[in-house]
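A.B. asks: Chains as they are written, first to last, in numbering that gives the first Met the number 0: chain A, 0 to 330; chain B, 0 to 249.
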Amino acid sequence: MNRRIKRAFIVAALLVIISAAAGIFIGAVGISPITLLKDFFESGLSKSERILLYVRLPRVLGTMLCGAALAVSGAVIQSVLGNPIAAPNIIGVNAGAGFFTVLCLALLPGKLELVPAAAFLGALAAVLTVSSIARKIGASKMTLVLSGVAVSALMSAAQDTVTTLFPDVLAGFTAFKSGSVSGLTLAKLFPAWIYILIGLTIVIMLAHDMDILALGDKTAKSLGLNVTVLQLVLLGAAAMLAGAAVSFAGIVGFVGLVVPHIVRKISGTSENRVVIPLCVMFGSAFVNICDIISRTIFSPYELPLGICVSYIGAPFFIYLLIKKRGSVHRD
Amino acid sequence: MISVKNLRAGYGGRQILNNVTVDFNDGEITSIIGPNGSGKSTLLQCCAGLLGISNGEILIDGKGITEYKGKALAQSVSYLPQNNSVSAITVRALVMHGRFPYLGYPRRYSREDIEIAENALETVGILDIADKQLSELSGGQQKKAHIAMRLAQNTNNVLFDEPTTFLDIKYKLELMKLAKRLSGEGKTVVAVLHDIELAFANSDKIVVVNNGEVAFCGFPSELVNSGVIESAFGVEPIMSEGKLFFKPMN
Chain A
0 MNRRIKRAFI
10 VAALLVIISA
20 AAGIFIGAVG
30 ISPITLLKDF
40 FESGLSKSER
50 ILLYVRLPRV
60 LGTMLCGAAL
70 AVSGAVIQSV
80 LGNPIAAPNI
90 IGVNAGAGFF
100 TVLCLALLPG
110 KLELVPAAAF
120 LGALAAVLTV
130 SSIARKIGAS
140 KMTLVLSGVA
150 VSALMSAAQD
160 TVTTLFPDVL
170 AGFTAFKSGS
180 VSGLTLAKLF
190 PAWIYILIGL
200 TIVIMLAHDM
210 DILALGDKTA
220 KSLGLNVTVL
230 QLVLLGAAAM
240 LAGAAVSFAG
250 IVGFVGLVVP
260 HIVRKISGTS
270 ENRVVIPLCV
280 MFGSAFVNIC
290 DIISRTIFSP
300 YELPLGICVS
310 YIGAPFFIYL
320 LIKKRGSVHR
330 D
Chain B
0 MISVKNLRAG
10 YGGRQILNNV
20 TVDFNDGEIT
30 SIIGPNGSGK
40 STLLQCCAGL
50 LGISNGEILI
60 DGKGITEYKG
70 KALAQSVSYL
80 PQNNSVSAIT
90 VRALVMHGRF
100 PYLGYPRRYS
110 REDIEIAENA
120 LETVGILDIA
130 DKQLSELSGG
140 QQKKAHIAMR
150 LAQNTNNVLF
160 DEPTTFLDIK
170 YKLELMKLAK
180 RLSGEGKTVV
190 AVLHDIELAF
200 ANSDKIVVVN
210 NGEVAFCGFP
220 SELVNSGVIE
230 SAFGVEPIMS
240 EGKLFFKPMN
């Protein structure tokens with residue numbers, strides 16, 4: 000491991016620790032670590048402990064899980080589709096997960112444990128639709144993005160139709176469309192984190208094979224890799240990760256686009272044994288920091304998380320488009 | 000050795016190759032030439048197991064290609080496509096990927112894998128730039144790195160699809176020298192080439208593919224007077240002082 004990669008891991012670890020601590024202690028009601036320590040040895044739950052357990056901890060865990068899942072999902076989608084501007088929100092994966100989430104809440108009210116599974120299916124449907132359209136018509140970088148825009152629009156329209164027909168559906172999911180972790184509880188996180196853990200395990204186990212896939216379909220096949228099966232498994236894992244994140248945090252865009260690029264830039268490599276763990280760390284820190292900003296910048300008002308992420312992610316996407324202009328046109 | 004017998008193949012529902020029979024022998028460089036769209040690359044991809052066969056058979060070292068499982072075939076045949084990706088990895092990391100067919104799970108390289116990759120870097124002459132990022136290199140150096148990866152694959156059969164396209168003359172000659180070294184080690188080397196003069200000067204055998212069929216298969220010296228160049232390429236070959244030239248046909 001070279002010095003640049005080591006430095007990237009140290010920076011990522013520091014960001015995770017500092018942002019997690021900041022997420023716990025900073026908020027409308029400040030919590031002091033000393034007070035918390037004192038309360039820990041007293042009997043019964045103090046106000047600080049209640050805020051920590053029921054508000055801050057679920058929120059910090061939620062933002063970190065959401066960030067890690069979306070960043071890794073983005074890295075996988077970019078790698079499998081061979082497209083640096085592909086990401087869960089760009090190719091309609093988040094919108095697909097969103098549609099199936101509201102559909103599940105509308106048709107099976109009270110079955111919260113089924114929400115991540117529904118979101119996974121929605122995300123999978125979107126990613127498979129986009130990749131088959133792109134395969135059929137030539138899979139240029141721009142075609143893929145445009146197919147994603149179309150699928151995304153369709154899924155969003157379907158989601159709006161459900162919320163219009165079932166207006167009470169999103170009562171428990173405040174600001175779902177803008178992405179929000181406000182009011183998140185450990186119970187809401189429970190089924191989703193298992194999906195995220197499974198998705199991350201699959202991706203980490205296949206990190207080396209993803210590197211082979213990145214060499215191009217022909218080269219990967221000539222090295223003995225079963226390209227079709229690997230692509231399906233990886234896209235399934237990416238859908239599982241994005242779907243699980245959407246199921247509790249709503250539509251949070253741009254994380255899957257921005258974080259893998261930052262990670263590759265900082266580490267100077269696209270080797271997935273480095274990129275994937277760094278995406279977990281930078282992704283969780285990035286979303287957590289955005290959440291801290293979103294709940295403190297206009298305090299006592301709170302911006303939905305997705306809005307804050309978009310303020311950072313959208314300009315970065317434009318920057319990427321300008322930077323990649325040459326290659327996008329050539330394809 | 001690769002034996003192609005009565006091969007019919009294509010893609011997208013279109014048949015490209017029609018009843019192709021040809022042998023690529025051990026210890027020989029065979030160049031496949033032919034006009035654009037004649038089926039040269041399709042033939043090479045069939046031999047690499049990348050395209051399905053609708054009729055006929057391909058034997059790799061005496062065994063039917065369909066009898067090989069993915070990694071077993073990759074241990075017998077290496078293939079360099081026309082276009083290669085330029086990932087943000089070092090040359091050494093790329094060359095190590097050539098050992099993928101030999102890796103079990105978890106994907107850990109053995110001492111032998113590392114030694115073979117180092118030898119491949121040295122053989123191609125890029126050991127000094129092994130730790131550089133692939134994206135920092137010139138087109139010729141990148142091509143060399145990709146070739147080193149195929150050498151690390153350590154196969155008896157080496158297939159190159161237009162390896163010299165867009166390369167400077169220096170790299171073209173270095174590459175043909177390398178092909179000779181490989182054939183000298185007893186390997187079967189097959190290269191699709193656009194450059195007829197290069198094929199003529201450096202091959203043990205030339206195969207001309209035209210309209211999906213083998214129009215010629217033999218020594219370079221036999222090609223000139225065979226009339227195949229005229230019919231396939233629409234130019235007239237002229238030999239002068241052992242060199243091949245062309246002039247337009249009237």
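Quick reminder that beta carbons are idealized off the backbone N, C-alpha and C, glycines included.
(1) Identify the contact partners of I31/B in chain A, using a Cβ-Cβ distance below 9 Å as the criterion.
(2) Please list the segments of the beta strand (DSSP E) lying wholly inside the region 9-70 of chain B, counting only runs of 3 or more residues, in order along the chain.
(3) Check the C-beta distance from I23/A over to V59/A and give it rounded, since I have them as a contact under 8 Å.
(4) From S109/B, G124/B, K39/B and G12/B, pick the residue whose C-alpha is nearest to that of V189/B; which is it?
(5) Of the choices L79/B, H193/B, A92/B and P236/B, whose alpha-carbon is the least far from that of N224/B?
(6) When you compare the CB positions of A94/A and S155/A, do they come within less than 9 Å of one another, or not?
(7) Run the CB neighbour count on F215/B, radius 10 Å, all protein chains shown included, and call it buried at 16 or more, exposed below.
(8) When the cut-off is 9 Å and only beta carbons count, does S164/B lie next to chain A?
(9) Tell me which residues share the same chain as G121/A and place their Cβ nearer than 6 Å to its Cβ, disregarding the 5 neighbours each side in the sequence.
(10) Classify Y194/A as buried or exposed, calling it buried when 16 or more other Cβ atoms lie within 10 Å of its own Cβ.
(11) Spell out the partners DSSP gives I237/B in its beta bridges.
(12) Thinking C-alpha only, which one of S202/B, K171/B and K131/B is nearest G270/B?
(13) By alpha-carbon positions, which one of N201/B, L43/B, L102/B and P80/B ends up nearest to K143/B?
(14) Just the C-alpha distance for I16/A and L277/A, rounded to the nearest angstrom, thanks.
(15) Where in the region 66-99 of chain B do unbroken runs of the beta strand (DSSP E), each at least 3 residues long, occur, reported from the N-terminal end onward?
(16) Please report whether the beta-carbon of R91/B lies at a distance below 9 Å from any beta-carbon of chain C.
(17) Could you work out which residue in C307/A, F40/A and L143/A is closest to T62/A when comparing CA atoms only?
(18) Is there at least one Cβ from chain A nearer than 9 Å to Q152/B's Cβ?
(19) Using the C-alpha atoms, what's the distance from R55/A back to L304/A?
(20) G223/A versus chain B: which residues are under 7 Å apart at the beta carbon?
(21) State the start and end residues of the unbroken alpha helix (DSSP H) segment that holds K37/A.
(22) Of all the CB atoms in chain A, is at least one closer than 9 Å to the CB of S2/B?
(23) What are the boundary residues of the alpha helix (DSSP H) that K204/B is part of?
(24) Can you say whether K5/A is buried or exposed, counting buried as having 16 or more other CB atoms within 10 angstroms of its CB?
(25) With 16 as the cutoff for other CB atoms within 10 Å, does I168/B come out buried or exposed?
(26) Have a look at T128/A and A313/A and give me their C-alpha separation to the nearest angstrom.
(27) If we define contact as Cβ-Cβ less than 9 Å, is L256/A a contact residue for chain B?
(28) To the nearest whole angstrom, what separates the beta carbons of A231/B and P34/B, a pair I think is in contact under 8 Å?
(29) Under DSSP, the beta strand (DSSP E) around D290/A begins and ends at which residues?
(30) Kindly indicate the opening and closing residues of the beta strand (DSSP E) around L158/B.
(31) Measure the Cβ-Cβ separation of A19/A and V254/A and say whether it is below 9 Å.
(32) Kindly say whether S269/A, judged by its beta-carbon, lies nearer than 9 Å to any beta-carbon of chain B.
(33) Measuring alpha carbon to alpha carbon, tell me which of I84/A, A27/A and K46/A ends up nearest P259/A.
(34) Hey, quick one: how far does the alpha helix (DSSP H) through T212/B stretch, first residue to last?
(35) DSSP three-state call for N5/B: helix, strand or coil?
(36) So what's Q152/B in DSSP terms, helix, strand or just coil?
C.D. replies: Inspection of the coordinates gives the following:
(1) Residue mapping note: residue 31/B aligns to position 32 of the second sequence, counting from 1. Counting only Cβ-Cβ distances below 9 Å, I31/B has no contacts in chain A at all, with the closest Cβ about 17 Å away.
(2) Runs found: 13-23, 28-32 and 54-59.
(3) In the first sequence, the residue the question calls residue 23/A occupies position 24. In the first sequence, the residue the question calls residue 59/A occupies position 60. With a contact defined as Cβ atoms closer than 8 Å, I23/A and V59/A qualify at about 6 Å.
(4) If you number the second sequence from 1, residue 189/B lands on position 190. It is K39/B.
(5) Within the second sequence, residue 224/B is the residue found at index 225, counting from 1. With distances taken between CA atoms, N224/B lies nearest to P236/B out of L79/B, H193/B, A92/B and P236/B.
(6) For the purposes of this step, residue 94/A is taken as residue 95 along the first sequence, with counting starting at 1. For the purposes of this step, residue 155/A is taken as residue 156 along the first sequence, with counting starting at 1. Using a Cβ distance threshold of 9 Å, A94/A and S155/A count as a contacting pair.
(7) Reading the second sequence from its first residue, position 216 is the one you call residue 215/B. Classification for F215/B: buried.
(8) Stepping through the second sequence from its first residue, residue 164/B is reached at position 165. Here the sequence assigns Thr to residue 164/B, which means Ser is not the residue at that position. With a threshold of 9 Å between beta carbons, T164/B makes no contact with chain A.
(9) Numbered from its first residue, the first sequence carries residue 121/A at position 122. Once the five neighbours on either side are set aside, the close Cβ partners of G121/A are G95, A96, F98 and F99.
(10) On the first sequence, residue 194/A is found 195 positions in, with the first residue counted as 1. Buried, by the Cβ-count rule.
(11) Here residue 237/B refers to the residue found at position 238 of the second sequence. F244/B.
(12) Look at the range of chain B in this structure, 0 to 249, and you will see that residue 270/B is not part of it.
(13) Stepping through the second sequence from its first residue, residue 143/B is reached at position 144. If we check each option's Cα against that of K143/B, P80/B comes out closest.
(14) Against the first sequence, residue 16/A aligns to sequence position 17. Against the first sequence, residue 277/A aligns to sequence position 278. Going by the C-alpha atoms only, they are around 14 Å apart.
(15) If only complete runs of 3 or more residues are kept, the region 66-99 of chain B shows the beta strand (DSSP E) at 76-79, in order along the chain.
(16) Judged by its chain identifiers, the structure shown contains no chain C, and its protein chains are A and B.
(17) Residue numbering aside, residue 62/A sits at position 63 when the first sequence is read from its first letter. Of C307/A, F40/A and L143/A, the smallest CA-CA separation from T62/A is found for C307/A.
(18) One-based indexing of the second sequence puts residue 152/B at position 153. At least one chain A Cβ lies under 9 Å of Q152/B.
(19) Within the first sequence, numbered from 1, the residue matching residue 304/A stands at position 305. Within the first sequence, numbered from 1, the residue matching residue 55/A stands at position 56. The alpha-carbon separation between L304/A and R55/A amounts to approximately 15 Å.
(20) For this step, residue 223/A is matched to residue 224 along the first sequence. Result: G69, K70, L72, A73, F99 and P100.
(21) Along the first sequence, one-based indexing puts residue 37/A at 38. Run containing K37/A: P32 to F39, per the alpha helix (DSSP H) assignment.
(22) Position 3 of the second sequence holds residue 2/B. It does not: the Cβ of S2/B has no partner Cβ on chain A nearer than 9 Å.
(23) For the purposes of this step, residue 204/B is identified with residue 205 of the second sequence, where counting begins at 1. Segment K204 to N209 is the beta strand (DSSP E) holding K204/B; no alpha helix (DSSP H) there.
(24) Reading the first sequence from its first residue, position 6 is the one you call residue 5/A. Exposed: under 16 other Cβ atoms inside 10 Å.
(25) Taking the second sequence and counting its residues from 1, one reaches residue 168/B at position 169. Exposed, because fewer than 16 other Cβ atoms sit within 10 Å of the Cβ of I168/B.
(26) For the purposes of this step, residue 128/A is identified with residue 129 of the first sequence, where counting begins at 1. For the purposes of this step, residue 313/A is identified with residue 314 of the first sequence, where counting begins at 1. The straight-line gap from Cα to Cα measures roughly 24 Å.
(27) Taking the first sequence and counting its residues from 1, the one referred to as residue 256/A is at position 257. It does not: the Cβ of L256/A has no partner Cβ on chain B nearer than 9 Å.
(28) In the second sequence, the residue the question calls residue 231/B occupies position 232. In the second sequence, the residue the question calls residue 34/B occupies position 35. That belief holds up - the Cβ atoms of A231/B and P34/B are roughly 6 Å apart, short of 8 Å.
(29) Taking the first residue of the first sequence as position 1, residue 290/A is located at position 291. From DSSP, D290/A is part of no beta strand (DSSP E) but of the alpha helix (DSSP H) over N271 to T295.
(30) The residue given as residue 158/B occupies position 159 in the second sequence. Where L158/B is concerned, the enclosing beta strand (DSSP E) stretches over N156 to D160.
(31) By 1-based counting over the first sequence, the position of residue 19/A is 20. By 1-based counting over the first sequence, the position of residue 254/A is 255. Contact flag unset, no.
(32) Within the first sequence, numbered from 1, the residue matching residue 269/A stands at position 270. Under the Cβ criterion of 9 Å, S269/A is counted among the residues facing chain B.
(33) As a first step, residue 259/A is located in the first sequence; it is residue number 260 there, counting from the start. With distances taken between Cα atoms, P259/A lies closest to I84/A.
(34) Locating residue 212/B in the second sequence gives position 213, counting from the first residue. The sequence given here has Glu at residue 212/B, not Thr. Segment E212 to G217 is the beta strand (DSSP E) holding E212/B; no alpha helix (DSSP H) there.
(35) Counting from 1 along the second sequence, the entry for residue 5/B is found at position 6. In the structure shown, N5/B adopts extended strand secondary structure according to DSSP, grouped into three states.
(36) Here residue 152/B refers to the residue found at position 153 when the second sequence is read from its first residue. Residue state for Q152/B is assigned as coil, using DSSP reduced to three classes.
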